[in-house]
Amino acid sequence: DSGVTQTPKHLITATGQRVTLRCSPRSGDLSVYWYQQSLDQGLQFLIQYYNGEERAKGNILERFSAQQFPDLHSELNLSSLELGDSALYFCASSLTGGAGYGYTFGSGTRLTVV
Amino acid sequence: EDQVTQSPEALRLQEGESSSLNCSYTVSGLRGLFWYRQDPGKGPEFLFTLYSAGEEKEKERLKATLTKKESFLHITAPKPEDSATYLCAVQAGYGGATNKLIFGTGTLLAVQP
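Chains as they are written, first to last, in our numbering: chain A, -1 to 112; chain B, 2 to 114.
Right under this line is the structure:
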């Protein structure tokens, strides 16, 4: 157990729907990151939050949004889902938001859009 | 644009047959290079961080090294339980505003008994 908790583990939904993925960071970590992993593209950085504020944005679609709450848990919202959004979505956390530190990943949410 | 390339894409070894995985990178201002191990259906598990050329880190049968353009993950006398995908990632840029990691696509290692 890495200490980063993601729920749900699996999610199957239809095209056009909206889903919310949840992440609880490791105790004491202030920064949360979201990554998407698909078979053909590897791990792609989506977005980073640090202590409730957005710190960096990567290849995140406009249909996707995220936030980090005062208790530091984070949610990734995916809307108007398409077949191509099917992937593993990972959350990771680190103590700081600055450079020089690696981070700890959760076990992921497998999203299947049918 | 910052880029990470890993080779080979897949590697099959016999138990005890040592080899190396390569990670080459092109970044503006390397802040750190990271190696992760990922088992099927699970999240990446942290192995090593390297910060400067010449640095080396070891853990059991794994040894990571870093030059100015690439990193190697050496696997000595591998065992079947070393089978996994090995991911390389870099943290780059100046200013320290973010520590996002840019990942390569990984090397899938299979060690046969």
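Note that beta-carbon positions come from the ideal geometry of N, C-alpha and C, so glycine has one too.
Please read these numbers as outputs of a predicted model, since none were measured by experiment.
Next on the checklist: Between which two residues does the beta strand (DSSP E) holding A/L28 run?
Outcome noted: Neither: A/L28 is in no beta strand (DSSP E) and is coded neither H nor E.
Checklist entry - Hey, which unbroken runs of the beta strand (DSSP E) at 3 residues or more fall wholly within the region 12 to 89 of chain A? => result When DSSP assignments are scanned along the region 12 to 89 of chain A, the uninterrupted stretches of beta strand (DSSP E) that are 3 or more residues long and fall wholly within it turn out to be 17 to 22, 29 to 36, 40 to 48, 51 to 55, 62 to 66, 72 to 76.
Checklist entry - Nearest CA to the CA of B/V91: which residue from B/E61, B/D40, B/K69? => result It is B/K69 whose Cα lies nearest to the Cα of B/V91.
Checklist entry - What did DSSP end up calling B/E82 once you bin it into helix, strand or coil? => result In this structure, B/E82 counts as helix in the three-state DSSP scheme.
Item to check | Any beta strand (DSSP E) of 3 or more consecutive residues that is wholly inside the region 29 to 81 of chain B | outcome: Within the region 29 to 81 of chain B, complete beta strand (DSSP E) segments of at least 3 residues are found at 31 to 39, 46 to 51, 57 to 60, 63 to 67, 71 to 76, given in chain order.
Checklist entry - How many angstroms separate the CA atom of A/S78 from the CA atom of A/T18? => result Each residue's alpha carbon lies about 12 Å from the other.
Checklist entry - To the nearest whole angstrom, what separates the beta carbons of A/T102 and A/Y87, a pair I think is in contact under 8 Å? => result Their Cβ separation, rounded to whole angstroms, is 16 Å, which puts A/T102 and A/Y87 out of contact at 8 Å.
Item to check | chain B contact for A/G14 (CB, 8 Å cutoff) | outcome: Not closer than 8 Å to any Cβ of chain B, the Cβ of A/G14 fails to qualify, so no.
Item to check | Cross-strand partners of B/L14 (DSSP beta bridge) | outcome: Partner(s): B/V112.
Next on the checklist: Tell me whether the region 1 to 14 of chain A and the region 37 to 56 of chain A touch, counting them as touching only if at least three CB pairs, one residue from each stretch, are closer than 8 Å.
Outcome noted: Taking 8 Å as the limit for Cβ pairs, the verdict is that the region 37 to 56 of chain A does not touch the region 1 to 14 of chain A.
Next on the checklist: Do A/Q46 and A/Y31 count as a contact pair if the criterion is CB distance below 8 Å?
Outcome noted: In contact: A/Y31 and A/Q46 (Cβ atoms closer than 8 Å).
Item to check | Three-state secondary structure assigned by DSSP to B/Y26 | outcome: B/Y26 carries a strand assignment under DSSP once its states are collapsed to helix, strand and coil.
Checklist entry - Hey, is the region 75 to 83 of chain B in contact with the region 14 to 31 of chain B, meaning 3+ C-beta pairs nearer than 8 Å? => result These segments touch.
Checklist entry - By DSSP, does A/T94 sit in helix, in strand, or in coil? => result The three-state secondary structure of A/T94, taken from DSSP, is coil.
Item to check | Cut-off 7 Å between Cβ atoms - residues of its own chain near A/Q39, not counting five sequence neighbours on either side | outcome: Counting only Cβ-Cβ distances below 7 Å, and skipping sequence neighbours, we find nothing.
Next on the checklist: Pull the bridge partners of B/L102 from the DSSP assignment, please.
Outcome noted: DSSP lists no beta-bridge partner residue for B/L102.
Next on the checklist: Can you check whether the C-beta of B/P41 is within less than 8 Å of a C-beta belonging to chain A?
Outcome noted: Not an interface residue.
Checklist entry - Any idea if A/G14 is buried or exposed, counting beta-carbon neighbours within 10 angstroms, 16 or more meaning buried? => result Result: exposed.
Next on the checklist: Please state the DSSP three-state secondary structure of B/S20.
Outcome noted: Assigned with DSSP and collapsed to three states, B/S20 falls in strand.
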